Each structure stands twice: as C-alpha cells, then as structure tokens.
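Since the structure comes first, as structure tokens, the remarks are kept for the end.
Chains as they are written, first to last, in this note's numbering: chain H, 1 to 510; chain B, 511 to 583.
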C-alpha cells in the first residue's frame, strides 16, 4: 500500500472503527423459523422468551413475540420482511419493545420504531421509553384544572377540554375531524404545550400535507409526528399510538404538558384485528378479538394529569374515531366513547349545510373540562348551550307555523346569530380573549342589528378593531381570565361604537 | 438424550474433539453427547448449540457483527 493511501483520513478512520467493533461471542437464546406467512413468523425454540419481547431476525430486522404456545412462538415482523427463510436462526434480545427519545425529537417525523423518516438524519437517544407501561396510579394523579385551549369557539365555550383529559372526536369521513385536531395543535403555539400527532393508516399524501401545513405555520417547533401510513404493515400501525404515547411520556416525566392526537383509532383497531386473525386468535363481534377494548383502554388510561409530587405534567389525548353512516353504536365507537371523558360529535348534514366546524352541540359532551374552563368563558358561555338548545327546538316548531309572536321571533333571530358566530375556519384559532369578546357580543344581543350572513365578516373586522383600539382590554381579560363588572359596560360601548362605524353590516330594511 | 450440536468449518482432530467435549461437560451438562456438523459456510471458528441456547464464535457471525456495527456508525 502506498504511503499516501495509509495517511488518508478515510483509511485512518476505518482502522479505528474496526478496532472498536465488539465481536465477543455471547450465549444467546435462539430459535428457528418454522413457517412464515402474512407477516407472521412461527418459530421453534426461543425458550423463556417474554410476551412482547423484541426478537432479532437478523439483518437489522425485528419481530415482536405475541403468541407464546407450548412448542412454538408466533412473532409479527416489524418493518420489511423480505428474504426470511424457513430454517433461519432468530435470537432473543431480552428487550421489551421501547423507543429511543431525546428533546431533539420535536420537529421530527418518526415511524413506529422511533426511527426518523423525514430524511433529516438519525435522532440522538437520551432515554429509552417502554411502549407498554402501566397507567399512572390513583395516588399520582390530580383532577383536571387547567384548560387546554383548542382555539375553536364552539369547543372552548361549550365542550371545554382540560389538560389531562381524553376527548374523543367522532364523526363520518370528511366531516373535519382531523381539521379540529390540527387546529388545536396550531393553537398550542406559545401555550407551553408540546404536541404529538400520531397518524395511523392514513394516506401518505395526507400525511405529507399535514406535515407541510404544520411546518408552514411554525407548529413543528413543538410537535412530533409519528407515522404508520396505510402502506406500512399492520404491526407498525398497531404500535404507532404506543410509540407516540412513549414519546409523550418522555416529556411528561419532565413535568411538561403534552397533547397527543391519535388519527385515527378505527384504523388502529382494524390493524389489530388483522394481526389477531393472522395469529389465529378467536374473533368476536365484527371479527375483532376479545381484547380490543383493552387495546384502547390501556392506551387512553395513560393520559393523565400528575400532581406536583410527580412533576405536575399532563397528557391530553384527542383520539379520533371514524363512523360509518353516523352509526355511533358500532363496536369500536361505543368502546372508545365509554373510555373517554366526553366526545365531540361531528355530522355530515351540518357540514353540508355550511356549519363548520360541524359540531353537533346537543350530542357533544365534555365530562371533566368544565372544571378547567376560564371564568371569562364561563361568564359569557354559561347560558349559551341552553340558548342554542331552545333555539333548535323553536326552529323545529317554526317550520310549521307562519305567524310567530314577537318574542319567539326575536329568540329565533338571536339563536341564528349565536349559531353563526360558532362558525370558524379550522386553521384560524382564536385566543380566549378574542373568543370571549365575540361570544359576548352574540349572547348580549349586540349582533341583533347585524345581517346574519355578514357575521363572519363582521367578526373579522371587529377583532381587528379591538386589537387596534382596545388592546388593554384584551390584555386584561387574558391576564385576569374573567370579565370584571366595570369592564362589561366598556366592552358593550366598544361593540356599539364599532357597529356605528360599520353600517354596511346592518340589516337592510326592505 | 441431551445433545450439543458442534458446528465447525472443517473436521476436528481427535484432540480438539476431546477438548471441546471436556468444556461442554463442564459448561452445559456432564452427560451431553456431541453431534459434530461440518459446514464450510461458517468459514472458521466454532458454534455450540444446546437446546435453544447457542454460543456462536464463528468467523461468519463475527464478520456479520462487524458489518452491522460499522453500518451503524
């Protein structure tokens, strides 16, 4: 070899690296592949393998031990399963499935094994978090007291979500389920909440779109995407939510507040059904295995709010469920409804009639969030839910009779306007103070003079006006989180002045 | 009958067999029988298999380990 070759940096590095390689033989527990079909490997040997253990299939491929039988073990292959042959030797790793996490994972897109798939290089690992873990116990928890602002008026006012809550988003296809979840992620900018978006069985094109949107709006700075798309194996789709949760728990351990979105758990259940059927586990209703309830309950039970002794962090979960033809009484929807602390119910009919977000306020509930709602919001939205319910009732009656008394008429007009203020673009989240100001105007009857279909335009101009003329008022409401008695006339005055200035929004007399 | 499968690249000499047998009786089971397998594919070294336990000190596996660890860097 020539001297120049020896001293070249590449040659030097390689020698150093080869020296570092550890080749000491170790005693290993091994097995042989007996059969392989549909992503499921049947293995002999592997004595003492644990359920849920990672098994080395060679060439950086891994399997997950799921069925332990008398004389064989069934594994599901994670990742690619090319070139597996009968008779190949597989090895125990002794590792229960875990994912390597560090603070650097924010802003990145990873697969269900925690490996980067966004082409920005490998992720450093500071801690391995287990995918399966027992949910925090009763003694470590605290009730929900801090609100999680979604930025959507209809939700923050009537179906408030608290940090540590599990709120289901349920509805048919293309009713804006993902949009609500993404809007919530966008609204967490500057709120000290980290986000994990878990994409299960979605199209790669929509994942790319979501990623691009979050990047454009600067939301990737505090968000991690965990992706198992439709073209990934069922085993990866099955693991993705647990991977996302493990990442969330890494931040929870640091006492941080985390929001995790599972988009969507219907596909997750389907992936698990596929695995279970291939593993020949007995099937039950809709061919789902017997433990499909436990599949989701153990996932969602890990959402929590810890008390100060345990760091005081929280994990808020927003699972998404897709229904078929509004059927919420199907197997998986009823399961997840019963596990979660409330649901946001979206309807195709509302969506088609132009009500966006298409939230059915009557059927949507939040079981714990009202404890966390800010006082300002409670003040303006306290009666809103009842008003809207009354309005809907009247609306049904009004269809039958042509002449109504004035009171009913004005109630209907008011209801229409309140309803109209709930419309909002999903990517235009509003701050609490802004929401309070808009709802205040609607419920106090200050919108009665405004043409109904001009309300969105009115709202836009009104908020601009407030930011320009009354920044102190907005600031005060944000700080104190309530409307004081002397503020109320001020707000009224501001709205009246604005209405005076903008007569183009007024109802035209014919 | 307990059995230890010994895989090597070439036939072992009698002295080598006795040495291996002695070690196996110490390590695994004093009554284990030896089953000698010659597999040139392992290139060199030795591989012992006892039930589902395996000690792999073949050149083939060492090369694979080197390959894997270098790819990680």
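For glycine and all other residues, C-beta sits at the position ideal for the given N, C-alpha and C.
Remember, it's a predicted structure, so these values are computed and weren't measured experimentally.
- The Cβ atoms of residue 59 of chain H and residue 95 of chain H lie no closer than 9 Å to each other.
- Beta-carbon to beta-carbon, residue 302 of chain H and residue 135 of chain H are separated by about 5 Å, close enough to satisfy the 8 Å threshold.
- Residue 242 of chain H and residue 131 of chain H have their C-alpha atoms some 5 Å from each other.
- Within 10 angstroms of the beta-carbon of residue 174 of chain H lie fewer than 16 other beta-carbons, which makes it exposed.
- Under a criterion of Cβ atoms nearer than 8 Å, no residue of chain B is adjacent to residue 75 of chain H; the nearest Cβ is some 15 Å distant.
- Rounded to the nearest angstrom, the Cβ distance from residue 194 of chain H to residue 316 of chain H is 11 Å, too far for a contact under 8 Å.
- With fewer than 16 neighbouring CB atoms inside 10 Å of its own CB, residue 325 of chain H falls in the exposed class.
- Between the alpha carbons of residue 80 of chain H and residue 251 of chain H lies a gap of roughly 30 Å.
- A check of alpha carbon separations from residue 46 of chain H across H:22, H:279, H:74 and H:40 identifies H:74 as the nearest.
- Your pair residue 411 of chain H and residue 394 of chain H checks out as a contact, with CB atoms roughly 6 Å apart and the cut at 8 Å.
- Its chain contains 517, 518 and 519 as the residues whose beta carbon lies nearer than 8 Å to that of residue 549 of chain B, once the 5 sequence neighbours on both sides are disregarded; these appear in chain order.
- Here residue 171 of chain H is actually not in contact with residue 257 of chain H; their C-beta atoms are around 26 Å apart, not less than 8 Å.
- For the options H:362, H:434, H:504 and H:408, the alpha carbon positioned closest to that of residue 152 of chain H is the one of H:434.
- For residue 529 of chain B, the uninterrupted alpha helix (DSSP H) run begins and ends at 524-537, by DSSP.
- Residue 567 of chain B has a beta carbon lying within less than 9 Å of a beta carbon in chain H.
- Each residue's CA atom was taken as its position, placing residue 555 of chain B and residue 540 of chain B some 23 Å apart.
- At a Cβ-Cβ threshold of 9 Å, residue 71 of chain H and residue 62 of chain H do not count as neighbours.
- Note: residue 67 of chain H is bridge-paired with H:74 in the DSSP secondary-structure output.
- The beta carbon of residue 574 of chain B sits closer than 9 Å to some beta carbon of chain H.
- For the segment 348-378 of chain H, the set of residues with a beta-carbon nearer than 7 Å to any beta-carbon of chain B is empty.
- If you ignore the 5 residues before and after residue 521 of chain B, its C-beta comes within less than 7 Å of the C-beta of 548, all in its own chain and listed in chain order.
- By the CB criterion at 9 Å, residue 342 of chain H and residue 253 of chain H fall outside the cutoff.
- For the C-beta of residue 124 of chain H, not a single chain B residue is nearer than 9 Å; the gap to the nearest is close to 13 Å.
- The C-alpha of residue 226 of chain H is placed about 15 Å away from the C-alpha of residue 234 of chain H.
- Of all residues in the segment 530-541 of chain B, none has a C-beta nearer than 8 Å to a C-beta of chain H.
- Taking a 10 Å sphere around the C-beta of residue 247 of chain H, we find 16 or more other C-beta atoms and assign the residue as buried.
- As DSSP reads the structure, residue 403 of chain H sits in no beta bridge.
- With a threshold of 9 Å between beta carbons, residue 580 of chain B makes contact with chain H.
- Around the CB of residue 346 of chain H, 16 or more other CB atoms lie within 10 Å, so the residue is classed as buried.
- When only Cα atoms are considered, residue 494 of chain H and residue 457 of chain H end up about 17 Å apart.
- If you draw a straight line from the Cα of residue 436 of chain H to the Cα of residue 581 of chain B, it is about 57 Å long.
- Between the segment 175-193 of chain H and the segment 413-431 of chain H, the count of Cβ pairs shorter than 8 Å is three or higher; the stretches touch.
- Cβ-Cβ distances below 8 Å link residue 150 of chain H to 156, 161, 180, 183, 184, 187 and 429 in the same chain, with the five nearest sequence neighbours on each side left out; the list follows chain order.
- For residue 29 of chain H, the chain B residues whose Cβ falls inside 8 Å of its Cβ are 562, 563 and 564, in order along the chain.
- Look at the segment 292-368 of chain H and you find these whole runs of alpha helix (DSSP H), each 4 residues long or longer: 292-300, 331-339 and 348-352.
- Three or more beta-carbon pairs separated by less than 8 Å link the segment 441-456 of chain H to the segment 405-420 of chain H, which places the two stretches in contact.
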